[in-house]
Amino acid sequence: MKPVSRRRNLQGLILLIALTAMVLTLINSTLAARHVLAESLIRNTLEAHRVYAAKVASNTEGYMRALQQTLQAESETVLAHFDDPPELQRRLDRVFRATDSFNQVVAFSSEGRLLAAAPAEPLREGKVFESYGIRLNLSQRQPLITEPYMGANGKLMIFVGQPLFDRNGSYLGYYGGSILLHERNILYSQLKEHAYRDGSYLFVVDHRGHLLYHPEVRRVDERVDQNPVVQRLLRGETGAAQVTNSRGVHMLTGYAPIPSLGWGVVSQRPRDAALAELDLLTLSQLRHAAPLLVAILLAVWWMSRQVARPLTRLAEEARHLDAAEVPERIRRIPGWYLEAQQLKLALLAGVQAMHSQLHRFRRESNTDPLTGLGNRREFDAMIAHWKANPQRVAVVVLDVDHFKNVNDTYGHETGDQVLVELARLMRETARDSDILCRMGGEEFVLILPHADAGGAFALAERLRLKVEAARRPDLPAVTISVGVACCQTGEDAPLLLGLADAALYQAKEQGRNRVVMAPPPRPEA
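All the letters of the sequence shown, read from the start, carry residue numbers 1 to 525 under UniProt numbering.
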């Protein structure tokens, strides 16, 4: 009976070791993967909201400028009928309908007397008003957009005003449009589409830190200047940050100012909402991993009855499945009987699947999703590699000339297609050993290992000529400016980006659509 008892104890011990190893490995790999994914998700969310806030800020600024330009364009027609109330009323009606942006369009004399309004207010025409907006327009006598104030109608508003002067330069008064902030206004119309079901939303503040737009309309004019993001906006900064809002909610926030208006745009999403998707993904991974775990444990239980030594070795290796050398060590374990060989193959399949998944995660985090080129992380990794393994290397930095005009004229979708086409030309021009990266926006970098200055310059010039000659009927023609830097040893590699950037700046100063070679880096003293 003693041998039987000993055999059962040995079998239980082997099974316990295998079970412990698998569970610990699963927990370790799951937590490690979740941590990596959470950090990546937070970074990507912050960057997405930063870019989005900048885009909305640019669009809002453009729209408000367009309103001012419309008022300016119609000012001559309004001025021509300033002394003819019926005709002036019709002109204001036309402006009101044409913009479809104001709650009301009004005209005032230089004494603050209401001359006409659209929609019309016959009981108020001819009356002299003393509100803040009227006094400001009469005193400033220039195109302006007021800060929020309480109008003569007792409602919170901003006013877009245009002064009127006769041919002799005498000030006659002004006209413009009011936007009521507590009602469905132009800001609401422009920004309501940016509220998402995933909890993301936008708000707009003025230069005092008061809300101009918020999805909760009742919060308009609320003071939020204690919010750290709003404080950064008031200093004219653009960026992204994790903050706790005025209601104690942890937010992933991107922000951008509207300089000409003194306003700021904030795009944000609750941090918990962003990570909720990761929690669901983690649970899904665990559910899919469970059958494989059960199968492996059954195999371990079966083989533990046959022999202890190979199982002990396999269980020990199972404690370190995330190590790169583990697959090779498992292959070296003798599998001289069927059960040991099956467990070894099962462990190898699990390790390879996990390593493949981690490799895919790393590859995706180092790849620009639009162009398929490497990103800034890929660039930094290569520079670090060459610093640790000195060799001759060249860096080519380029960006698209006047790319903002492409986006403004043809739209961001066309702009993205231009970047994709440029990436294709880069692949076509570069060598197989070259590393191609998109650093952000329209800026790209090529890393050329073992390239001298002449070869790097020639490659950059070929690329520039290809871009200049490229013609596609669905895309606008563009050119690129290029900066090139080269070093003889990897120790100088971290300096190359700065040198190439400086050369790129020179290329732009010299008229764009050209390649400039940077001087070699000076050795450190």
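All C-beta atoms in this analysis are idealised placements derived from N, C-alpha and C, irrespective of residue type, glycine included.
**OP:** Determine the DSSP secondary structure at residue 380, reduced to helix, strand or coil.
**Re:** DSSP, reduced to helix, strand and coil, places residue 380 within a helical segment of the structure shown.
Original post:
Which term fits residue 438, buried or exposed, when burial requires 16 or more other beta carbons within 10 angstroms of its beta carbon?
Top reply: buried
Subject >> Extent of the continuous beta strand (DSSP E) to which residue 449 belongs >> reply: Counting along the chain, the beta strand (DSSP E) containing residue 449 begins and ends at 443 to 449.
Subject >> Identity of the residue in 254, 248, 238, 181 nearest residue 202 by Cα >> reply: 254
**OP:** For residue 333, verify whether its CB is less than 7 Å away from any heavy atom of the ligand FAD.
**Re:** Absent from the structure shown: the ligand FAD. Ligands present: none.
Subject >> Distance, residue 120 Cα to residue 182 Cα >> reply: 21 Å
Subject >> Cutoff 6 Å; reference residue 225; Cβ partners in own chain excluding five residues on either side >> reply: 209
Original post:
What runs of the alpha helix (DSSP H), each 4 residues or longer, lie entirely inside the UniProt domain "GGDEF" (391 to 520)?
Top reply: 403 to 410, 412 to 429, 453 to 469, 493 to 509
Original post:
Can you give the Cα-Cα distance for residue 380 and residue 436, rounded to whole angstroms?
Top reply: Taking the straight line joining both Cα atoms gives about 12 Å.
**OP:** Would you decide whether residue 388 is buried or exposed? Buried here means 16 or more other CB atoms lie within 10 Å of its CB.
**Re:** exposed
**OP:** Taking only the alpha-carbon atoms, compute the straight-line gap between residue 34 and residue 282 and give it to the nearest angstrom.
**Re:** 7 Å
**OP:** Check residue 296 in the structure and name its three-state DSSP category.
**Re:** helix
Original post:
DSSP state of residue 49, grouped into three classes?
Top reply: helix
Original post:
Roughly how far, in whole angstroms, is the beta-carbon of residue 172 from the beta-carbon of residue 110, given that I think they are within contact range, below 8 Å?
Top reply: 6 Å
**OP:** For chain D, find out if any of its Cβ atoms is closer than 8 Å to the Cβ of residue 132; answer yes or no.
**Re:** No chain D is part of this structure, which consists of one protein chain only.
Original post:
CB-CB under 8 Å to residue 228, same chain, minus the five flanking residues each way: which ones, in chain order?
Top reply: 241, 243
Original post:
Per DSSP, what kind of secondary structure is residue 334 in: helix, strand or coil?
Top reply: coil
**OP:** Give the secondary structure of residue 17 by DSSP, where H, G and I count as helix, E and B as strand, and everything else as coil.
**Re:** helix
**OP:** For residue 500, count neighbouring Cβ atoms within 10 angstroms of its own Cβ and tell me buried if that reaches 16, exposed if not.
**Re:** buried
**OP:** Using only alpha-carbon positions, find the residue among 400, 407, 450, 411 that is nearest to residue 426.
**Re:** 400
Original post:
Are at least three pairs of beta-carbons, each pair with one atom in the segment 49 to 66 and one in the segment 84 to 97, less than 8 Å apart?
Top reply: no
**OP:** Give the secondary structure of residue 62 by DSSP, where H, G and I count as helix, E and B as strand, and everything else as coil.
**Re:** helix
**OP:** Report the three-state DSSP secondary structure of residue 210 (helix, strand or coil).
**Re:** strand
Subject >> Alpha-carbon spacing of residue 536 relative to residue 222, whole angstroms >> reply: Residue coverage of the chain in this structure runs from 1 to 525, which leaves residue 536 outside it and unanswerable.
Original post:
Where do the N-terminal and C-terminal ends of the alpha helix (DSSP H) with residue 242 fall, by residue?
Top reply: First-last for residue 242: 239 to 244, but that is the beta strand (DSSP E), not the alpha helix (DSSP H).
**OP:** If I'm right that residue 451 touches residue 486 with Cβ under 8 Å, what's the distance once you round it to whole angstroms?
**Re:** 7 Å
Original post:
What separation, rounded to the nearest whole angstrom, lies between the Cα atoms of residue 404 and residue 414?
Top reply: 12 Å
Original post:
Where are the beta strand (DSSP E) runs, 3 residues long or more, that stay fully inside the segment 80 to 165, in chain order?
Top reply: 104 to 109, 114 to 118, 156 to 165
Subject >> Sequence-distant residues of the same chain with beta carbon closer than 6 Å to residue 512, five excluded per side >> reply: 401, 481
Original post:
residue 271 by DSSP, collapsed to three states: which one?
Top reply: helix
**OP:** Give every residue of the same chain whose Cβ lies closer than 6 Å to the Cβ of residue 206, excluding the five residues on either side of it in the sequence, and list them in chain order.
**Re:** 147, 212, 263
**OP:** Return the Cβ separation of residue 82 and residue 179 in integer angstroms, given the expectation that the two are a contact with Cβ distance under 8 Å.
**Re:** The Cβ separation is near 23 Å, so there is no contact.
Original post:
Rounded to a whole number of angstroms, what is the C-alpha to C-alpha distance between residue 159 and residue 174?
Top reply: 12 Å
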